[in-house]
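The block underneath contains the structure these notes are about, expressed in structure tokens.
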Amino acid sequence: MVNSGLKMDFQQVFDRLDGLAGAAKEHLPRSMAVATGQVFRDEAKARAPRGDDTPTSKVGPRLPLAESIYLAYSESRSVPEAGIATYSVSWNSKRAPHGHLVEFGHWQPYRVYQDKDGRWWTDKGSPLSAPKWISAKPFLRPAYDATGQTAIQSGLNRGRERMNEILANPSILDQYK
82 MVNSGLKMDF
92 QQVFDRLDGL
102 AGAAKEHLPR
112 SMAVATGQVF
122 RDEAKARAPR
132 GDDTPTSKVG
142 PRLPLAESIY
152 LAYSESRSVP
162 EAGIATYSVS
172 WNSKRAPHGH
182 LVEFGHWQPY
192 RVYQDKDGRW
202 WTDKGSPLSA
212 PKWISAKPFL
222 RPAYDATGQT
232 AIQSGLNRGR
242 ERMNEILANP
252 SILDQYK
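Counting in the numbering used here, the sequence shown runs from 82 upward without gaps.
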């Protein structure tokens with residue numbers, strides 16, 4: 082009788098698979114969410130009102146609304162170990178404090194006027210006889226409605242692309258051990 086044996090150490094294989102699982106749970110969802118969010122952000126910027134007038138506020142020059150729209154990772158709403166990465170698309174409310182008024186509409190209780198430099202002012206000493214409703218000119222909600230499927234596809238494409246990058250260069254997985 083012939084005794085033969087083969088002894089193999091699969092620890093390195095298991096380590097790589099664990100790294101791949103970590104990348105799949107933590108890194109890939111984040112890459113995919115960024116790609117998805119960028120589509121929404123860019124569409125919202127395209128839909129947001131733009132103006133040449135950039136008045137100043139207590140924190141410095143105000144930005145036109147479109148210029149203040151950003152994409153940001155939300156740590157409090159993300160669960161990396163479960164593969165959940167959440168990004169928010171919003172506007173910088175310090176630089177464009179009027180964003181919510183544009184997105185949702187508002188009541189105008191006072192007279193507004195434009196000065197000789199073209200800037201708009203609210204005259205709080207001149208209340209209107211009846212408040213006037215200023216209709217919304219939404220930009221975030223329509224951006225979401227208009228690009229939903231495109232954004233999802235963009236995220237899926239980025240996931241495939243990133244997975245191929247990881248598989249082509251397995252040393253990337255070392256950071257996920």
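Here a beta-carbon is modelled for each residue, glycine too, at the ideal position from N, C-alpha and C.
Spatial neighbours of residue i in its chain, beta-carbon cut-off 7 Å, leaving aside the 5 residues before and after
i, result
"P190", "P208, L209 and P212"
"R128", "F220, P223 and A224"
"H187", "I215"
"I165", "P110 and S159"
"Y194", "W202 and D204"
"K218", "P130 and V183"
Three-state secondary structure (DSSP) of residue i
i, result
"S210", "strand"
"R176", "coil"
"T231", "helix"
"K106", "helix"
"P190", "strand"
"E148", "helix"
"A166", "coil"
"D99", "helix"
"S171", "strand"
"K126", "helix"
Residue environment, residue i, which counts as buried when at least 16 other CB atoms sit within 10 Å
i, result
"K126", "buried"
"A163", "exposed"
"W202", "exposed"
"P251", "exposed"
"H108", "buried"
"E242", "exposed"
"R122", "buried"
"G180", "buried"
"E124", "buried"
"T67", "Residue 67 is absent from the model: the chain starts at 82 and stops at 258."
Cβ distance (whole Å) where residue i is taken to contact residue j below 8 Å
i, j, result
"V183", "L146", "6 Å"
"S157", "S169", "Rounded, the Cβ-Cβ distance is 10 Å, inconsistent with contact."
"S159", "R239", "Contact flag wrong, Cβ pair sits at about 17 Å."
Own chain, CB closer than 8 Å to residue i, minus 5 neighbours either side, in chain order
i, result
"T167", "A114, Y154, S155, R158 and S159"
"K106", "P161, E162, A163 and G164"
"T231", "V120"
Cβ-based neighbour list, residue i, same chain, cut-off 6 Å, excluding 5 preceding and 5 following
i, result
"N173", "S149"
"D99", "none"
I want to know whether the stretch 100–116 touches the stretch 229–244 - three or more CB-CB distances under 8 Å.
yes
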